[in-house]
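Per the numbering used here: the sequence shown = residues 11 to 398. Ideal Cβ positions, reconstructed from N, Cα and C, are used throughout, including at glycine. Note that the structure is a prediction, hence the values are computed from the model and not measured. Have a look at the structure below before the remarks.
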Amino acid sequence: MKRLPDWLTVPLLAFILSRLLIFGAGILGDTMLPTEEGHWVADESSPFLSMWAKWDSQYYVDIATNGYWFRPGQQSNVAFFPLYPMTMQALAKLFGGNLILTGFIVSNLAFFGALIFFYLLTELELGSDSAKRAIYYLAFFPTSFFFSSVYTESMFVLLSIATMYFARKHQWVWAAVFGILTAATRNLGILMWALCIWEWLRSQGWAFLAMHKKETWLTLWGGFKKNWFDLVIISLIPLGMLVFIYFLKVNFDRPLAFIEVQAAWGRENIGPIAVLQKSIAGLLEGEVNKGWLTRFWNVSFYLFFLALVPFIWYRLGEGYAIFVLIMLFVPSASAIGSIIRYLLTQFPAFMMMAWWGRDDRVDRVFNFTFATLQGVFVVIFVNWIFVA
């Protein structure tokens, strides 16, 4: 019998093993520990499904049920981009109208697809051995349980990695299709436009470190005259965000309402350095409790991913490094409390870790640390204690 390809079997095994860990930890945490009263119960008929619908999940369910609404100065669901809740709404009839079940299935299927594309992309960049390690690092990262929750993480990661994979293969139409969808999933999805343009420039012979040379620009001009239509296709990627902006303009006369409402969550844009200083000061001065521990892990992983940037630049290229840097700095300009969840989307960092994982000792440290913390974080999350 013909052996199944690694790009399918490795992601499938990582998916199964990591989901067994989070589902087991979730059931254990839900049954063994008391949960605070008064929280939203997503699905009263299924405690298991309710475990994976906490915090922001309420907004996605609300959008799929009631559509968008905007109240100036208050937390409003216009903060959340439409593709994920629209997908829930479109598929709900297949699952008896149960939006929680639909969101759970959509998230898990998207995560499995993300693992497949991540394997293919990492194999393209670093080889099959690194691809196998990268899959497990992503699947067992401490907050990867969000990939199975009613959150956008899995869909965003699937679409952004697929966009980059097709860009690296110079299949620009597919890159644009997935890029448009990425830009409709989350505000930072627009970065895939810049990343695709960067890749197109590289494909035409342009080099960042040689941009001071006349020959670089002459080569680029020659490539532009020959392949200008590819650039036009790539330039469609912002449509994913622009359609949402147009919707907000027509319905609320506030095209940037998704930015305006951020202040209602207490997010004041003071810059990433000031936010980091404030967070570290809180660690040094604060009492050690569950809030302190959450802040500690957010700060620690933020600094770790930041430290990866120069190595990503050297090994994977400046495009990947700049992508990670922006994905770090934009959300941390106002708050760092959810950063360990946002790190899930920074796939070049996991590729870099996989390259380091060639050393068996490093590989064991990553796997043990990630899996252990993931189990702990799941227990915390299912009991309505904020993780990220």
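By a C-beta neighbour count over all protein chains shown, 10 Å radius and 16 as the cutoff for buried, is N308 buried or exposed?
-> buried
CA-to-CA distance, L38 to V375, given in whole angstroms = 25 Å
Element boundaries [alpha helix (DSSP H), containing F121] = 109-136
Is the Cβ-Cβ distance between A141 and T132 less than 8 Å?
-> yes
Count the other CB atoms, across all protein chains shown, that sit within 10 Å of the CB of L111; report buried if there are 16 or more and exposed otherwise.
-> buried
Tell whether a beta-carbon distance below 8 Å holds between M362 and R325.
-> yes
Which whole-angstrom value is the C-beta distance of E163 and T304, which I expect to be below 8 Å?
-> The pair is not a contact, with the Cβ atoms about 18 Å apart (cut-off 8 Å).
Mind checking which residues open and close the alpha helix (DSSP H) that includes I247?
-> From DSSP, I247 is part of no alpha helix (DSSP H); its letter is neither H nor E.
Going by alpha carbons, who is nearest to G281 out of F127, A381, P320, L338?
-> L338
Buried or exposed by the 16-neighbour rule on C-beta atoms within 10 Å, applied to K259 = exposed
Would you check if the distance between the CB atom of A359 and the CB atom of V334 is smaller than 8 Å?
-> yes
Applying the criterion that 16 or more other CB atoms from any shown protein chain within 10 Å of the CB defines a buried residue, is F239 buried or exposed?
-> exposed
With distances taken Cα to Cα, identify the nearest neighbour of I126 among P15, F58, L136.
-> P15
Per DSSP, what kind of secondary structure is R325 in: helix, strand or coil?
-> helix
What residue range is occupied by the uninterrupted alpha helix (DSSP H) comprising E163?
-> 163-178
Local conformation of V388 per DSSP, three classes | helix
Drop a sphere of 10 angstroms on the beta-carbon of P82, count the other beta-carbons inside from all chains shown, and report buried for 16 or more, exposed for fewer.
-> exposed
Would you check if the region 200-213 and the region 247-254 touch, i.e. whether three or more CB-CB distances between them fall below 8 Å?
-> yes
Please say whether I145 and F128 have beta carbons closer to each other than 8 Å?
-> yes
Beta-carbon separation (whole angstroms), I346 vs Y312, contact threshold 8 Å | 6 Å
So does the region 86-94 actually touch the region 58-74, counting three or more Cβ pairs closer than 8 Å?
-> yes
Beta-carbon contacts of G327 that lie in its chain and below 8 Å, excluding the five residues immediately before and after = R212
State yes or no: is the C-beta of F155 within less than 8 Å of the C-beta of V388?
-> yes
Only counting runs of 4 or more residues, tell me where the alpha helix (DSSP H) segments fall wholly within the region 59-102, in order along the chain.
-> 67-76, 93-101
My guess is that S60 and D53 are in contact by the Cβ rule of under 8 Å, so how many angstroms apart are they, rounded?
-> 5 Å
Could you tell me the distance, in whole angstroms, from the CA atom of L134 to the CA atom of M165?
-> 22 Å
For the candidate residues Q272, A100, G113, I283, whose alpha-carbon lies nearest to that of S159?
-> G113
Closest residue to S138 among W365, Q384, F257, F391 (Cα-Cα distance) = W365
Identify which residue in V187, V397, L316, Q287 has its Cα closest to the Cα of S344.
-> Q287
Near F391, which residues of its chain fall below 7 Å by C-beta distance, leaving aside the five closest residues on each side in sequence?
-> K64, F155, V397
Whose C-beta lies closer than 8 Å to the C-beta of S342 among residues of the same chain, with five residues either side of it excluded?
-> P282, V285, L286, Y312, I349
How about Y78 and N261: do their beta carbons lie closer than 8 Å?
-> yes
Cβ-Cβ separation, L293 to F306 (assumed contact under 8 Å), whole Å | 6 Å
Own chain, CB closer than 6 Å to I255, minus 5 neighbours either side, in chain order = P265
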